[in-house]
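Numbering (this note's numbering), first residue to last: 26 to 205.
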């Protein structure tokens, strides 16, 4: 007896090697290959809205606020710089303002308590929300993680300062700055 696998292709009756090959082929087509690589096809299938903040490698002072709905995309720099960037600017000043120092230290302490502060990067982070139907969270997380600059890539390019030299696909290198 032959059984259809749903695409009108009959499966072999007793050939287990063929079944294994077909299973692997099916996994590869679905983007779930055995080596956990994630193909971009259908990764975000079912997403109808997104929102959040991005930390772009070449724009480390301000989070980038974004949202999408259907084919509409909005991206803009936040009005509030990262506290890590403010702290770095304060540390570079000869006579920093005590009020500003205390304010940033208080905010830093609160962010640490909430688990939103890293000793290495401060409050710089990505926060993304996907809203949709039938989302494959694991596939999306894998694909997005692969898009991040790794510690090894950062070290190979000479550290975070070198990130600023990366090509800017959005604002033509016109990143906002601020004074303290």
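Glycine residues also receive a C-beta, built at the ideal position from the N, C-alpha and C atoms.
Remember, predicted model here, so these are calculated numbers, not experimental data.
Residue i classed as buried or exposed, judged by whether at least 16 other C-beta atoms fall within 10 angstroms
{"i": "residue 174", "result": "exposed"}
{"i": "residue 106", "result": "buried"}
{"i": "residue 165", "result": "buried"}
{"i": "residue 127", "result": "exposed"}
{"i": "residue 87", "result": "buried"}
{"i": "residue 100", "result": "exposed"}
{"i": "residue 55", "result": "With a pLDDT of 43 at residue 55, under the threshold of 50, the modelled position of this residue cannot be trusted, and the question is left open."}
Limits of the alpha helix (DSSP H) - the one that residue i falls within
{"i": "residue 109", "result": "108–117"}
For residue i, the nearest candidate out of the options (CA to CA)
{"i": "residue 66", "options": "130, 113 and 168", "result": "168"}
{"i": "residue 68", "options": "187, 178, 186 and 161", "result": "161"}
{"i": "residue 203", "options": "135, 141, 85 and 186", "result": "85"}
Where the beta strand (DSSP E) through residue i begins and ends
{"i": "residue 120", "result": "Run containing residue 120: none; DSSP gives neither H nor E here."}
{"i": "residue 200", "result": "Element bounds for residue 200: n/a, residue is neither H nor E."}
{"i": "residue 86", "result": "84–94"}
{"i": "residue 205", "result": "Counting along the chain, residue 205 falls outside any beta strand (DSSP E), and DSSP gives it neither H nor E."}
{"i": "residue 76", "result": "72–81"}
{"i": "residue 102", "result": "97–102"}
Any C-beta of chain B under 8 Å from that of residue i
{"i": "residue 200", "result": "No chain B appears in this structure, which consists of one protein chain only."}
CB contact flag (residue i, residue j, <8 Å)
{"i": "residue 74", "j": "residue 158", "result": "no"}
{"i": "residue 83", "j": "residue 199", "result": "no"}
{"i": "residue 77", "j": "residue 154", "result": "yes"}
{"i": "residue 108", "j": "residue 144", "result": "no"}
{"i": "residue 196", "j": "residue 150", "result": "no"}
Minimum length 4: unbroken alpha helix (DSSP H) runs contained in the segment 172–198: Counting whole runs of 4 or more residues, the segment 172–198 contains the alpha helix (DSSP H) stretches 176–182 and 185–188.
Beta strand (DSSP E) segments (min. 3 residues) lying fully within the segment 124–157: DSSP runs (the beta strand (DSSP E)) wholly in the segment 124–157: 152–157.
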